[in-house]
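Counted the way my numbering counts, the sequence shown spans residues 2 to 358. Positions of the beta carbon are idealized from the N, C-alpha and C atoms, including for glycine.
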Amino acid sequence: MTAIEPSTLDIEARRARRFARINRADAWFQVLGLAWLTPALRALAGDNPRAQIGEIWRLLGVPLLAIALFLSLWATFAPKVQTSLGAVPGPVEVVAQVGSLHADYLREKDREVAFYERQDARNAAALSEGNTEAVRNRVYTGKPTYYDQILTSILTVFFGFFIASIVAIPLGIAAGLSATANAALNPLIQIFKPVSPLAWLPIVTMIVSAVYTTNDGWFEKSFLVSAITVTLCSLWPTLINTALGVASIDKDLVSVSRVLKMNTYTKITKLVLPSALPLIFTGLRLSLGVGWMVLIAAEMLAQNPGLGKFVWDEFQNGSSQSLARIMVAVFTIGIIGFLLDRVMFALQSMFTFSNNR
Numbered sequence: 002m003t004a005i006e007p008s009t010l011d012i013e014a015r016r017a018r019r020f021a022r023i024n025r026a027d028a029w030f031q032v033l034g035l036a037w038l039t040p041a042l043r044a045l046a047g048d049n050p051r052a053q054i055g056e057i058w059r060l061l062g063v064p065l066l067a068i069a070l071f072l073s074l075w076a077t078f079a080p081k082v083q084t085s086l087g088a089v090p091g092p093v094e095v096v097a098q099v100g101s102l103h104a105d106y107l108r109e110k111d112r113e114v115a116f117y118e119r120q121d122a123r124n125a126a127a128l129s130e131g132n133t134e135a136v137r138n139r140v141y142t143g144k145p146t147y148y149d150q151i152l153t154s155i156l157t158v159f160f161g162f163f164i165a166s167i168v169a170i171p172l173g174i175a176a177g178l179s180a181t182a183n184a185a186l187n188p189l190i191q192i193f194k195p196v197s198p199l200a201w202l203p204i205v206t207m208i209v210s211a212v213y214t215t216n217d218g219w220f221e222k223s224f225l226v227s228a229i230t231v232t233l234c235s236l237w238p239t240l241i242n243t244a245l246g247v248a249s250i251d252k253d254l255v256s257v258s259r260v261l262k263m264n265t266y267t268k269i270t271k272l273v274l275p276s277a278l279p280l281i282f283t284g285l286r287l288s289l290g291v292g293w294m295v296l297i298a299a300e301m302l303a304q305n306p307g308l309g310k311f312v313w314d315e316f317q318n319g320s321s322q323s324l325a326r327i328m329v330a331v332f333t334i335g336i337i338g339f340l341l342d343r344v345m346f347a348l349q350s351m352f353t354f355s356n357n358r
């Protein structure tokens with residue numbers, strides 16, 4: 002029998018290491034929505050290129066083809082639909098409004114810079130004359146740009162989501178560990194989970210207006226109204242999935258915790274949370290998605306700053322550009338929703354990596 006030459010062994014070892022690196026990178030490609038990179042790298046590494054090209058076509062080619070088909074249908078049929086604001090804009094008109102919104106942002110920033118330059122010049126002149134009482138430092142209060150509206154919505158949804166998480170996770174753990182706690186929480190979950198944000202919004206608005214009476218607090222009232230509405234509507238998926246994850250822990254592990262006489266804190270941190278983490282993160286991803294949808298509706302109805310208000314203002318504006326700008330906002334909302342889900346999936350992969358390979 003002929004012995005394998007060392008050079009051949011070296012080649013196989015390098016090949017094995019290369020594929021191991023590709024497999025490790027695949028988990029992060031999945032997180033980033035770039036799963037097609039894995040078969041591309043495998044093909045370059047010589048792993049059945051024909052099969053890998055077929056996989057690339059399925060993961061990248063088919064989605065791109067579907068997008069191209071959607072854009073062509075949109076461009077063909079949109080001009081044929083006439084509305085009170087004119088024909089439905091096609092892809093070209095929508096992209097043009099992206100550029101227009103960016104130009105508006107640049108003009109607003111130029112106005113802000115000019116405002117502070119004039120203010121600094123006035124203050125410098127007043128100081129040179131010794132008139133310190135004439136010195137004024139005012140904050141620029143120009144019209145919020147499209148990017149400002151996006152940032153406001155993102156900050157609001159994360160704040161509401163954070164409050165929902167710190168409420169829902171402990172309650173879910175309690176419901177999963179205790180049949181009594183589950184019996185107490187279940188009626189409340191069944192009653193309040195289906196309630197629309199449009200029903201919560203007036204209640205939250207009145208309560209915040211009555212309780213949060215200061216005008217110089219950390220948060221604007223409109224911000225709190227939107228964030229609390231997000232909290233009330235988005236905590237249920239996390240609560241339910243946390244309770245389900247805790248309740249489904251292997252009974253043998255629970256028995257071991259009794260034998261070891263673990264206290265409640267140790268039992269939760271060392272046994273309950275690690276075992277229930279995959280379902281907890283599933284609940285968090287669902288909650289963040291629900292919260293994002295709820296926020297847009299709340300901003301539209303309450304006219305609170307954010308993307309929802311931008312959509313409503315453009316609808317009320319009724320200009321020839323309004324419909325295209327609304328469609329820009331629709332795509333923005335969808336893309337941000339996708340990115341928020343990717344962020345949660347990345348966190349889930351970091352904390353429960355072995356469960357997502």
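Confirm, please, whether the CB-CB distance from Q120 to V329 is below 9 Å. No, they are not a contact pair.
Name the residue from G91, L33, T39 whose alpha carbon lies nearest to the alpha carbon of F20. T39
Quick check on E130: buried or exposed, where buried means 16 or more other Cβ atoms within 10 Å of its Cβ? Exposed.
Should the region 279 to 288 be called in touch with the region 125 to 142, which here means at least 3 C-beta pairs below 8 Å? no
4 or more residues per run - each alpha helix (DSSP H) lying fully within the region 16 to 57: 38 to 45, 50 to 57
On the criterion of 16 or more Cβ atoms from any shown chain inside 10 Å, does K310 qualify as buried, or is it exposed? Buried, since its Cβ has 16 or more Cβ neighbours within 10 Å.
I need the straight-line Cα distance from T239 to L287, nearest angstrom please. The straight-line gap from Cα to Cα measures roughly 7 Å.
Cβ pair count under 8 Å reaching 3, the region 200 to 208 against the region 183 to 190: The way I'd put it, the region 200 to 208 doesn't touch the region 183 to 190; fewer than three beta-carbon pairs between them come closer than 8 Å.
Identify every residue that forms a DSSP beta bridge with G161. Beta-bridge pairing links G161 to no other residue.
Among all the DSSP beta bridges, which residues are the ones paired with G87? T84
On the CB-based measure, 16 or more other CB atoms within 10 Å of its CB, does G143 come out buried or exposed? exposed
In chain order, which continuous runs of the beta strand (DSSP E) of length 3 or greater are located wholly inside the region 255 to 281? none
So the alpha helix (DSSP H) R108 belongs to, where does it begin and stop? 92 to 129
Buried or exposed for I167, please, with buried defined as at least 16 other CB atoms from any protein chain shown within 10 angstroms of its CB. By the 10 Å Cβ count, I167 comes out exposed.
Opening and closing residue of the alpha helix (DSSP H) in which T232 lies: 222 to 248
Let me know if T146 comes out buried or exposed under the rule of 16 or more other beta-carbons within 10 Å of its beta-carbon. buried
Considering only their Cβ atoms, is the gap separating A169 from W237 smaller than 9 Å? yes
Straight-line Cα distance separating K252 from L261: 14 Å
For K194, which of helix, strand or coil comes out of DSSP? coil
Between the CA atoms of A52 and T267 - distance to the nearest angstrom: 49 Å
Select from V93, F163, A69 the residue whose C-alpha is nearest the C-alpha of A79. V93
Any idea what DSSP makes of S146, helix, strand or coil? The question names Ser, yet the displayed sequence has Thr at residue 146. In this structure, T146 counts as coil in the three-state DSSP scheme.
For V295 and L172, what's the separation of their Cα atoms in angstroms? 22 Å
Using the C-alpha atoms, what's the distance from V226 back to L202? C-alpha separation (whole angstroms): 7 Å.
Sequence-distant residues of the same chain with beta carbon closer than 8 Å to S355, five excluded per side: With a pLDDT of only 46 at S355, under 50, the local geometry of the prediction cannot be trusted, and no value is derived from it.
When burial is assigned at 16 or more other CB atoms within 10 Å of the CB, is Q304 buried or exposed? exposed
In chain order, what residues of the same chain lie with their CB nearer than 7 Å to the CB of A175, ignoring the 5 residues before and after it? Correct list, in chain order: A182.
Less than 9 Å separating the beta-carbons of P198 and V231? yes
With contact counted as at least three CB pairs below 8 Å, one residue from each stretch, are the region 108 to 122 and the region 337 to 352 in contact? The region 108 to 122 is not in contact with the region 337 to 352.
Return the Cβ separation of S323 and L86 in integer angstroms, given the expectation that the two are a contact with Cβ distance under 8 Å. 6 Å between Cβ atoms; contact.
If we count the other Cβ atoms within 10 Å of its Cβ and call it buried at 16 or more, is F360 buried or exposed? Since the first residue shown for the chain is 2 and the last is 358, residue 360 is missing from the structure and cannot be characterised.
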